[in-house]
Structures are given as structure tokens and as C-alpha cells.
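In the working numbering, the protein residues as written are 88 to 876.
Positions of the beta carbon are idealized from the N, C-alpha and C atoms, including for glycine.
Here it is as C-alpha cells:
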């Protein structure tokens, strides 16, 4: 057999002297660590034949048109990667066999023609030295014409083939891709528990038309208002498609420095950048998506710019990923493989059916529309699609480049829900993504767990674990669950995030804004239930905010500047609220946020005397006011009355917010340290809330795993451990600064006994100390509170 050789990058034909041909027949040229062999010189099997094509490397291709036809290369060198230059007009697979190894299926799609237009399939494959390598069309495969193969290591001088990527391996570290193991180890970082309020830039090429959310889908759906708008303002989607929207996304009014300063002034403690929406366009310098903001449109690394500015302004930084297989592969891509059913363009395919051949001579020459729109496919099984691996690698690429403090997925964690005929959720991919991110974050942060990951569908209205309910307790501990614009019905045991927007998620011409008072109400509705709110300030396509929205953001910031102690770093009270009042705790004090106050007396029934959590009230103050507050605490509640006229908060244009949303600070004599207060860590323990069993703050941290440790630091000379006693409970070991002080049996033969002072340690040196409470022996145990002196 004779291999003819080609230095492809330099287009240099290797001319072999006839007298030396016998000596060089099996030699090849090394090109960027790649050895390239022409198919026409290999052994043709099963009726495979050469096809003339002047654009081919040697003026001929080998056509594989029927099952059993193959091109066989003998004497292939040792290699770890294979590239195939091919032409096709179909979407499917071809088969690759190395020696007697199992058949490897390689994904291929249309290059637009069987000649004169080529694509590269690149796969990882172990090729021993002196191998026989076969490219074959088997039953179920699609026809291709093969130009050449290249073998070697590294990238072979080619861009990644995003349709044939290997499975992403989880980064080295303590987290395995298993919900139970992740839930046992993970603890939400304190920065997140403190932050409470974040700003989101939900902004990408879909903002350009300024016609609202999901434009990249609606523009391909006749009868949809976005389709009608597109037809009128840009043209038919067969001629001007979403890729052209991306190309014409101009962001000349984007001032990231000024915007980040506004987010800080608004009171946000973290910032979320749009990494990629369902449209599949990456807003960063993406290794695995050539349709990105550096190559197309702005010609700028949007995410990278946001990241630098956010950190400069002192905000934690996050990236949002909406391009999950269910949404993008299942819902957005599939509507594009159609055409108008009526009218002058009836039957003319939309631009998603274009190929790399169609780009010749156009602005997108050399780019493959399939990389943006996907190869033609149906909605079935997105998690098993070739897109799923690509999605995983793109997330990994972004987190590796920008080291985000948090990442958000607009997707369910489980996979039991259907939407628009598509099975949603990350399913088995979710633990892999989480473990990979957590392990990498530990590497970036010198072993400290500082990462937050958001996923949806963890219990509640859109529970995505209906088929595996046993996983829910573990998932709840493994991530920070999120909900879009849905307020949780009660206090949650674990912190969560709610995402909301001041207007449509993508800019809508003529949009109306949520006012400052409503935004503050939503913030407090979340914070009082142990949540955090992420707020999108909808930007124009060109990057700026409307002046009205800027003022709303400033009003929120002015309100939080006065009342932030009821928000930042707070924890829920024993109930989240009553009527239009919402409760929080912070540093031993209770806060009552009055969301609809008329300035007169008000009775807070939850703050009655002799409650489980609140002690005797000694002082009530109205934040941002020097008007004294008179109060009476009795069995009916705490009645507060301003001793004078209360003025609106200054510096706020929104008067209903300035006058009607006020916060009371309540000082009392039972300022215990709760089991979930700042500084408490409890990997492997479980949180329980809304117990109504007489426990301090109506919650507990519980362990059913002997050896599990609850710990916290405190400052004082004495500490008392408060815990419930109940039948069949286990024991706890109390350590102070590493020394065992006492082991306590929490069991009792009688009725359950809440708020028991089970251990008191006195005589400590003034200053900081660390307490560890270790679950010993059989039976569950719980920690309720500490009393520090």
C-alpha cells in the first residue's frame, strides 16, 4: 500500500522521486504533530471508489456510499487522536475501527456537498503503532466522501470538533459525581449567606432587536410576534437569521464600569453575567463555540470584561449558563429546521439549514452554522445527544478561564419534568458538573470551599425528582437551589435563590418597570425565608439602561443603606412574617420590616412575651429615624407606637418606598447564637425548620451520622450548649479549642424536652474560641443554640 503525504497548513504538495518511491511509500509528513494520509492511496474495500474533486488534497476523494464500503490504512503510527477530512450531505455517523478494537461511531454532518466543501471530524482514539485503521460505512451510517485522515497528538493543528468531544472527566479533588457524597461534604460559603442581594446582566444578542425574551426561538415561528417583527425589520429568516442578529449586535453604549458602580450603589453584593442563553451564542472567548462574542458581533470578551470590573468593585462574580441540552438542543434548535407553510417563502428552509458551503463569499465564510444551530435533529433524549458533551466542556472552559464564585443553570437538577414536549433537566450530568466545579474551586481557593452553584426543580412546584424522591435531601444540601420569580411558601432549611427581573428578561421596547417598593418587598419575602434575590436590570441591546431604571436602582440602594442590617448576613426568625410584616434576625436582634406601614401604631403578634425565641424586649428603634418608639410587650404581642411624626427616608424618589417600607430594630434579652447563625458549619448534618415543637428559632440542625461535626467560633469566657432531649437520641461530645470537655447523653425516657442546657463550659480565657459538637453513639442528635457570655 502507498500513502501519499501532504503538508496541509502550507498547501505544499510533497513530490516524490520515482527512484525513491519504494523507500518512502509508507512514510508521512509530520504537520503540527499530525501525520496526514490521503484516502485515495489507501486500500479500498467493499466497492468503495475514488471520486474526482480538484479541491481535494490529491484531486480525488474516496466515496463511502453503501454499507460495507471502507477505506483501510495500514501501518498507522502510534497516536491518540484521529482527524477525518470529509464531505457529506447528511447528518449521522460513520464507523472507525482500529485493529480489532470495538467500532467507534463518529458524528458527521452536512458540508453542503459531496465535493468542494469539507469538514473535519476529530476524535480521541488510542492507535497503537503499526495499526490498521479503517473508516467504514456500516448499516445506519450515512454516506461520506473521505479526503484524508490525520493522526497524532495534541490538537492536530485543527480547532476542536465540538460534535465529537470526549466525556468530561471530573477534576481531581474530594468531590465525586454522586449526589449523596456531595451533599455530605458541601457547606454553603459564608459570603453567600451574607450577600442576600445580587445584580444580573441578562444581556446577549437577543437584546439587539429589543423585542423581549426568547427572540432566537420566536423569530423562526410564524404567527409569533417576534417572527412578524423580524420579517418587517430584518427580512425573512431564510436570508437574515439569528447568526446575522449576532453579527449585528452592537454594544457601543455599554459602560461596564458605570454599570458596576450602579450595581454597588444599588446594594448588590454579587454580580451575575450572562455566559450563554438558550440561543447557544457564547458571550466569552469560548474554546468550544466559535459563535462567540470575540469572533462575531462585538468582537469583545463580554464575560471576561464583566469579571474584571466586578472584582475591581468588590463584588463576587458569577456566570449564568442557559444552554442546557433540554432547552437549547430540545427547544430552541428544533424550531429552526423548518420553513414557512404559506406565503411567498413557503417551503424555503430557514438559515439553520445552511452549511459551511453556503458561507463562501459571505461575512461568515469559514464558520459552520451547525455549530450555532446544531445539526438537524428531533427533541428526543437531549442528555444523550452529541450536544451534551459539548455543553459540559463549554461550562468547564468558562469556569477554568474566569474562576467564578458562583455559576447558575437555568435548568432543573433532576429530569422528571416535561416542557414544550422536551424532557428537561440535567439528570445524570448534574453531579458531574457540580463535582467538577467544586473541585476546581477548591484548587483556586487554596482548599477553601467558596463556590455556589444554582439549579432549579429541587422540590416545590416544579420538583424534578419525582422519580427519585430519596435524592431530594441530598440535593438540597449539595447546591443552592433556585426558583425563577417564585416565592417559597415557608422558611427553607437551606439557603436558596430567587431570580426576578424589573421588566422582560430581554429588553422589550416600551417595557414597564417594577417599582422600588415592589423590588424591596420581593427582596424581603426571600430574605425572611432564608433566601437571596438575584435581580436583572434589563439593558438595551446596545448596553445602556433607561434613566428611569437607573433611578429605581438608586432608590433601592438608598433604602438598603439605611436598612441593610435587616438584610445582609441575616437569618430567618422563628416565623417569616405576619400580614405585611417580615421578620429577620441579625447579631442577636430581631428586625421587623413593615412593608405597608401608615406611620401609626402596629401590633406584632409574633413578638409576644414568653415566646420560644424572643426574650423580654428592652428597646425598639425605627431605622433611619430619630423619633422615639414606645412599646408594650404582653401576651397579645408587641405593640409599637411612634412618639411623633415619622418623616420619609431621605434620598429616595419613590415616596411609597421611602414612607411605607420601614424597619424596626428590636433588642431583647435572649440573643442566643442559633444553630445556623454566621460561622456555624455542619457538613453532613441536616437542617429542619418550622418545627413548632418549642425549639429556639423553631429550627434545629440534626445528625444521624456518628462522627459528624457541628462547629462554630465564638468570643467569650463561657458557653452553654442548648439541645433537645428525646427518646432514643444519641450522645454528643463537646470540644473547646480541641479539648474534650464533656460527653452528653441526649436521650430521655419521658416526653421530648426542647431548649435544654445540656452542657456549660466556664472559665475560658477572654477572646476567640472554637466549639466542636461531635455526634457520638447510636441515635440522632440535634444542636439548637449556644448561649455565650
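Between which two residues does the alpha helix (DSSP H) harbouring residue i extend?
i: residue 150; result: First-last for residue 150: 147-151, but that is the beta strand (DSSP E), not the alpha helix (DSSP H).
i: residue 478; result: 473-489
i: residue 524; result: 516-531
i: residue 511; result: No alpha helix (DSSP H) contains residue 511, which DSSP labels as neither H nor E.
i: residue 343; result: 343-353
i: residue 613; result: 603-614
i: residue 330; result: 329-334
i: residue 392; result: 389-399
i: residue 249; result: Counting along the chain, residue 249 falls outside any alpha helix (DSSP H), and DSSP gives it neither H nor E.
i: residue 316; result: 312-320
i: residue 304; result: 302-305
i: residue 196; result: Residue 196 -> no alpha helix (DSSP H), and no H or E assigned at all.
i: residue 739; result: Here residue 739 belongs to no alpha helix (DSSP H), and DSSP marks it neither H nor E.
Please return the same chain residues whose Cβ sits closer than 7 Å to the Cβ of residue i, not counting the five positions on each side in sequence.
i: residue 235; result: 93, 123, 124, 125, 126, 144, 172
i: residue 544; result: 499, 500, 501, 504, 512, 550, 551
i: residue 461; result: 416, 420, 474
i: residue 626; result: 288, 290, 294, 594, 632
i: residue 478; result: 410, 411, 412
i: residue 265; result: 518
i: residue 483; result: 255, 523
i: residue 865; result: 817
i: residue 854; result: 802
Less than 8 Å between C-beta atoms, sequence neighbours within five positions excluded: which residues of the same chain meet that for residue i?
i: residue 835; result: 812, 813, 814, 816
i: residue 827; result: 820, 821
i: residue 240; result: 120, 166, 167, 168
i: residue 180; result: 192, 193, 194, 195, 227, 228, 229
Measure how close the beta-carbons of residue i and residue j come, nearest whole angstrom, since I'm counting them as under 8 Å.
i: residue 617; j: residue 659; result: 5 Å
i: residue 775; j: residue 580; result: 6 Å
i: residue 639; j: residue 589; result: 7 Å
i: residue 354; j: residue 574; result: Between residue 574 and residue 354 the Cβ distance is about 20 Å, and since that is not below 8 Å, they are no contact.
i: residue 375; j: residue 566; result: Incorrect: roughly 24 Å between the Cβ atoms, too far for contact.
i: residue 404; j: residue 491; result: 5 Å
i: residue 578; j: residue 761; result: At roughly 12 Å, the Cβ-Cβ gap does not stay under 8 Å, so residue 578 and residue 761 are not in contact.
i: residue 251; j: residue 194; result: 5 Å
i: residue 382; j: residue 368; result: With 8 Å as the limit, residue 382 and residue 368 do not qualify as a contact, their Cβ atoms being about 10 Å apart.
i: residue 714; j: residue 731; result: 5 Å
i: residue 430; j: residue 470; result: With a Cβ gap of about 37 Å, residue 430 and residue 470 do not count as contacting.
Apart from the five residues just before and just after residue i, which ones in its own chain have a Cβ nearer than 6 Å to its Cβ?
i: residue 253; result: 211
i: residue 107; result: Because residue 107 carries a pLDDT of 29, less than 50, the predicted location of this residue cannot be relied on, and the following value inherits that uncertainty. Taken in chain order, the list of residues that qualify is empty.
i: residue 630; result: 338, 340, 341
i: residue 330; result: 459
i: residue 110; result: Because residue 110 sits at a pLDDT of 28, beneath the cut-off of 50, its placement in the model cannot be relied upon, and the point is left open.
i: residue 142; result: 203
i: residue 791; result: 867
i: residue 570; result: 585
Measuring alpha carbon to alpha carbon, tell me which of the options ends up nearest residue i.
i: residue 175; options: 156, 152, 185; result: 152
i: residue 610; options: 647, 433, 637; result: 647
i: residue 177; options: 159, 727, 198, 185; result: 198
i: residue 507; options: 584, 304, 847; result: 304
i: residue 868; options: 806, 769, 854; result: 769
i: residue 532; options: 729, 196, 493, 520; result: 493
i: residue 187; options: 215, 209, 179, 201; result: 215
i: residue 309; options: 361, 408, 434, 348; result: 434
i: residue 696; options: 722, 715, 685; result: 722
i: residue 767; options: 798, 672, 753; result: 798
i: residue 870; options: 852, 841, 360; result: 841
i: residue 703; options: 672, 440, 758, 716; result: 758
Looking at the secondary structure, which residues open and close the beta strand (DSSP E) in which residue i lies?
i: residue 729; result: 724-729
i: residue 708; result: 704-709
i: residue 220; result: 218-223
i: residue 357; result: 357-363
i: residue 433; result: Premise fails: residue 433 is in no beta strand (DSSP E) and is neither H nor E.
i: residue 626; result: Here residue 626 belongs to no beta strand (DSSP E), and DSSP marks it neither H nor E.
i: residue 858; result: 855-863
i: residue 870; result: 868-870
With three or more beta-carbon pairs closer than 8 Å as the criterion, would you say the segment 484-503 touches the segment 517-528? yes
Three-pair Cβ contact test at 8 Å for the segment 544-555 versus the segment 288-301: no
Segment contact flag, the segment 383-402 with the segment 314-325, C-beta cutoff 8 Å, min 3 pairs: no
The segment 256-276 touching the segment 598-607, judged by at least three CB pairs closer than 8 Å: no
Should the segment 704-715 be regarded as contacting the segment 728-745, the criterion being three or more beta carbon pairs within less than 8 Å? yes
Touch check for the segment 388-396 and the segment 672-679: three-plus C-beta pairs under 8 Å? no
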